[in-house]
Each structure stands twice: as C-alpha cells, then as structure tokens.
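Below you'll find the structure, written out as structure tokens, and then a few comments.
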Amino acid sequence: MALPTLRIIGFILGIFLITLAVSMIIPMITLLTFDRTDDLQAFIWASLITFSSGIALVAPGRPELTQLRPRDMYFLTTVSWLIVCCFAALPMMLIHHISYTNAFFETMSGITTTGSTVLSGLDSASPGLLMWRSMLQWLGGIGFIGMAVAILPLLRIGGMRLFQTESSDWSQKAMPRSHVMAKSILFVYLALTLICGVAYWLSGMTPFEAINHAMTTIATGGYSTSDSSMAKFSPAAHWVAICFMLLGGLPFILMVSTVRGNRYALVHDQQVQGFVGMLLIICFAFAIWLTMHSDYAFLDALRIVSLNVVSVVTTTGYALGDYTQWGEFAVLAFFYLTFIGGCSGSTSGGLKVFRFQVAYALLRANLGQLVHPRAVIKQRYNKHTLDEEIVRSILTFSFFFTITIGALALALALLGLDMLTALTAAATAVCNVGPGLGPIIGPAGNFSTLPDAAKWLLSFGMLLGRLEIITVLVMLTPSFWRH
C-alpha cells in the first residue's frame, strides 16, 4: 500500500483508539457511583495507554486528497477490529488479573457480540468491568451494522443490495446513502436500547442490571451481570428479552424506513416474514414437545423455549436453564439452530435467513426447470431478480462458512478437545452465538478451561464470522497486495 494510504488508515485507527479511550470514562463513573475506587486505577491506566497510542497515530495528520479504495476499506475494517480488541482488553487484564489471552478472548467475544466468556463470579464482579463488557457488545453491534451498510455491499455478501436498492444502481447510491443511513440507524439503535432498558427496569431489574442487559440485548451479544444469565430474573424480564432480541435480529435499515413513515417496510419484507414465521413455528412446536416431556405447564414451557430459541437463532447467547438436559433431541435441535442467524443488516451473526430463502428459491427454480426444460424461469427474491453475481456470492460465502467451521473444529480437536466441544465451539465462534454444547462450554459452563491456543483460534473464528469471512479472506489473495 502507498504511504498516503497507510497514513490515512493510521489516522482513522487513531480516531478509533481515542474514542475507545474516552468511552472508558463511563466505567470510571460507574465505579465512583458504586464506591469501588480500588478498580479505578486500572481503567485510568488503560485509558491513558489507549489515548496516547491514538494520539501517536493521529499526530502526523490526515493526508489531503487521499481516497480509500475498496481494498483499503477491507484492510481498514479487519485491522480496526483487531486493534480495538487489543486495547479494549487492557482493563479486563488489569482488574481481573487474568492472562492477556483470556482478556483478548473476552474482548473479542464482546466486540463481535459473540457472548462466549472465560469469566465467572459475575454476580460479585466489579461493576466497572461489567459495564465495560456490556459497552463492548453495544459498540460492536452498531459497528457491525455500519459495516453492513458501508462495506459488505462492495463484497456482495451482506445481502443489503437485496433489501436497500436495486442492484443495477447500487454502486452510485451506496456511499452517499451510507452516511445518512448510519445516522438514522444510530438513532434507532439508541432509541431501542433506551426503551429496552426501561422495560427491563419495570420488569424488576435494578437500574444497573437494566442498562447492562439493554445494551447486550439490542446488540444480540448476550453478556449478563450474573453467572445464571437470564435465570436470575423474573418471567417478565424473560419476555422483554425475547421481544428485544427479536428486534435486534431484524434489518435496521427497514426499521429506519418504518420510522420515516413507510409503515409496512418490515411487514412486507420477505426476509422478515420468514424470520418471524420460522421463530413462531419453532417456539410453539418446541414448547408443545417440552410440555409433553417435562413437568412444565405450557405457558412456562413456551417462555423458556422462546427465550432459548430466540437467543440462539439471533446469536445472542442468553440462557435460561441448561437446555442440554432436555435430551438428545433438544441438543441436536439447538445445534442446528446455531447456524441460522438473524436478518441481514441486523446485529445477529450466523448464515442469515435470506441465504436460506435464496437457496430455496434456487431449488424451486431448478426443480421447475427439470419438469419444464424449455421454460424460462426467472429467479426472484423479495421482488428483486437474483442475478448470477448474487447467486455466486451466496454460494461462495456458504461454502467457505462451512469450510471455516470444519477446519477450526479439526484444529481444536488436534489440541485435545473432544469432538462435541471442538465442533460446537467452532460453530458458536464463527456463528457468533456464545455458548456451545456439552459439559465444558454448554449453557451452564464457560470457555475458561480451554487451552490458550484454542482461545486464540476461537478469537480468530469470531472475527471471521463477524466480518462474514470474505472480508478477511480477500486480504489473503496475492492480487489484493498488487498495485
């Protein structure tokens, strides 16, 4: 890369680090509020180190008349997430006195809104640390939406071309719209977080618990202030979590359209219809099954099932009890649900619902072609024509998504992890879900006992999944580094 390009990338990274350092003031205020000044020094030092590093990158100044090409944006996106994680891990290491590996894993899990954790004793943990974990997920959620609007469409993998504008005029409208859209999305994101926090408070949570859970619910991240996760709170709080996890899994661009006056933007969208319809069917069917195979009343079963199912599908990671104790059917069902994900343009990870719907549309068209070989069958989805470029990108992403999980699982097995732990850890990392399956990393466990090498591999898997793989893989091609 040319020196002016590196300078502007460094300048932008410096702005990110300065912003990160300033945001550490909020946990400091939290510590002062709870009179926990013993942990204050850790945040002060972390903030000073981060701020100084940001100033060092900003000091050379911004080169004039320098524009970032698409390849520069891919590089900036990947590097910015890594750099931010490296510095955001400092408070966790200084407060909790854990290794940098554990701190980095926890931070990467937070910023990618995965929700996997190596920490325990959260009920008595530093309130500043708990606030910082929740803030990381909240910032990571809005950061991913911004990337979905501005970066992923250039790679044809985010699905936003299908839901925002016609593919024929995307290249002319993407960048001008992205700035206006980002502000509107931030407004909706803030509003939903505030409403969610109030709802949690009214359901019986303390203000501190409500604020933390509101941030991690809207970000579909799943960090909690308790080792028991949602099991600590009232049934009313469970329904609040279900509703706002569902909202976090919807396309924020369509929410903006709804706020702007298009009342049917969400209702008429094929992806939203499929997402909500699928969740309703799964939750009611699963609740009936659980009622028949347990002592739960139907409404209790529906609440417990709905929270766990919506949490896994939206890749939030909250847990209400240990669903792996429900039997082998439940274990396998939740493993399948891990891969689905929410809608494109949401804070959720996973494969995303629209890819399943497009695959079904292609299957139906191909079956029709077999029955009527001479017929001209147009492949359409959500009132858009599925051109060859979109189909190719979806197939490419789905293939490498599967390959990445398989390769990561093999690497984890090579480190000595059992098959269930290795496979579900790889899946939950790349899908950004949070808990895996089994006694070690299941809903009742955490990732603290895994080898350090496994934690670094899983951290890389979280980053790949959050950036939808191709954004990172494109930098591994020789043509990316050629002028």
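If you count the sequence shown from 1, position 220 lands on 222 in our numbering, and the numbers rise without skipping. All C-beta atoms, glycine included, are put in the ideal place defined by N, C-alpha and C.
Which of the three DSSP states is assigned to R484 in this structure? Coil.
Pairs of beta-carbons, one from the segment 280-299 and one from the segment 202-214, closer than 8 Å: are there three or more? Here the segment 280-299 makes no contact with the segment 202-214; the two share fewer than three CB pairs at distances below 8 Å.
Just how far apart, CA to CA, sit P72 and L364? Cα-Cα distance, rounded: 29 Å.
Supposed contact pair L422 and G408 - C-beta distance, whole angstroms, cut 8 Å: Actually they are not in contact, since the Cβ atoms of G408 and L422 sit about 15 Å apart, beyond 8 Å.
Member of L34, H99, G12, K385 whose CA lies at the smallest distance from the CA of A58: Nearest option by C-alpha distance: G12.
Is T473 closer than 8 Å to T80 when the C-beta atoms are compared? With contacts defined by Cβ atoms closer than 8 Å, T80 and T473 form a contacting pair.
Do three or more CB pairs link the segment 351-371 to the segment 294-308 at distances below 8 Å? Under the Cβ criterion (8 Å, minimum of three pairs), the segment 351-371 does not count as touching the segment 294-308.
Measuring only the C-alpha atoms, how far is I85 from L15? Distance from the CA atom of I85 to the CA atom of L15, rounded to whole angstroms, is 8 Å.
Starting from V360, follow the alpha helix (DSSP H) in both directions and report where the run begins and ends. Per DSSP, the continuous alpha helix (DSSP H) segment holding V360 begins and ends at 355-373.
Assuming contact is defined by CB atoms lying nearer than 8 Å, are T317 and T208 in contact in what I supplied? Taking a C-beta distance under 8 Å as the contact criterion, T317 and T208 do not qualify as a contact pair.
Could you tell me whether the Cβ atoms of A428 and L452 are closer together than 8 Å? Taking 8 Å as the Cβ cut-off, A428 and L452 do not qualify as a contacting pair.
Taking only three categories from DSSP, how would you classify T387? Strand, per DSSP.
At least 3 beta-carbon pairs within less than 8 Å: the segment 456-475 vs the segment 113-122: When C-beta atoms of the segment 456-475 are compared with those of the segment 113-122, three or more pairs fall below 8 Å, so the two segments count as touching.
If we ignore side chains and look at the alpha-carbon of each, how far apart do S25 and G142 end up? Rounded to whole angstroms, S25 to G142 spans 13 Å at the Cα level.
L412 versus F399 - alpha carbon distance: For the pair L412 and F399, the Cα-to-Cα distance works out to about 20 Å.
Q273 - containing alpha helix (DSSP H), residue span: 272-294 is the extent of the alpha helix (DSSP H) around Q273.
Report yes or no: do the segment 370-383 and the segment 332-350 share at least 3 C-beta pairs separated by less than 8 Å? Touching, no.
In three-state DSSP terms, what is R382? Reduced to three states, the DSSP call for R382 is strand.
Return the first residue and the last residue of the alpha helix (DSSP H) that H99 is part of. That residue, H99, is in no alpha helix (DSSP H); it is neither H nor E in DSSP.
For the alpha helix (DSSP H) containing G250, name the first residue and the last one. Looking at the DSSP string, the run of the alpha helix (DSSP H) that includes G250 is 237-250.
Can you grab the Cα-Cα spacing for the pair L322 / G438, in whole Å? Take the alpha-carbon of L322 and the one of G438: they are about 14 Å apart.
Are the segment 217-232 and the segment 241-257 touching, with three or more C-beta to C-beta distances below 8 Å? By the Cβ test, the segment 217-232 is in contact with the segment 241-257, since at least three Cβ pairs between them sit closer than 8 Å.
Do P93 and A48 have their C-beta atoms within less than 8 Å of each other? In contact: P93 and A48 (Cβ atoms closer than 8 Å).
Leaving out five residues on either side along the sequence, give the residues of the same chain with a beta carbon under 6 Å from the beta carbon of T109. Same-chain partners within the cutoff: C87, A90, A91.
Taking only the alpha-carbon atoms, compute the straight-line gap between E391 and L397 and give it to the nearest angstrom. One alpha carbon belongs to E391, the other to L397, and they sit about 10 Å apart.
If you reduce the DSSP assignment to three classes, tell me which class N310 lands in. It is helical.
Distance, Cα to Cα, S55 vs G145? When rounded, the distance between both Cα atoms is 21 Å.
Go through its chain and collect everything with a Cβ distance to I97's Cβ below 6 Å, but skip five positions before and after it. Result list for I97: D41, A44, S128, L131, in chain order.
Let me confirm a value: S567 is counted as buried when at least 16 other C-beta atoms fall within 10 Å, else exposed. Which label applies? With the chain running from 3 to 485 in the structure shown, residue 567 is simply not present.
Buried or exposed: R468, going by 16 or more other Cβ atoms within 10 Å of its Cβ? Under this definition R468 is a buried residue.
Can you say whether K385 is buried or exposed, counting buried as having 16 or more other CB atoms within 10 angstroms of its CB? Burial call: exposed.
Helix, strand or coil for C345? Go by DSSP, reduced to three states. Assignment of C345 by DSSP, reduced to helix, strand and coil, places it in the coil class.
Unbroken alpha helix (DSSP H) run spanning E211, endpoints: Looking at the DSSP string, the run of the alpha helix (DSSP H) that includes E211 is 209-220.
Can you tell me where the alpha helix (DSSP H) with V120 in it begins and where it stops? Neither: V120 is in no alpha helix (DSSP H) and is coded neither H nor E.
Just to confirm, are M183 and V278 a CB contact at a threshold of 8 Å? In this structure, V278 does not lie closer than 8 Å to M183 by Cβ.
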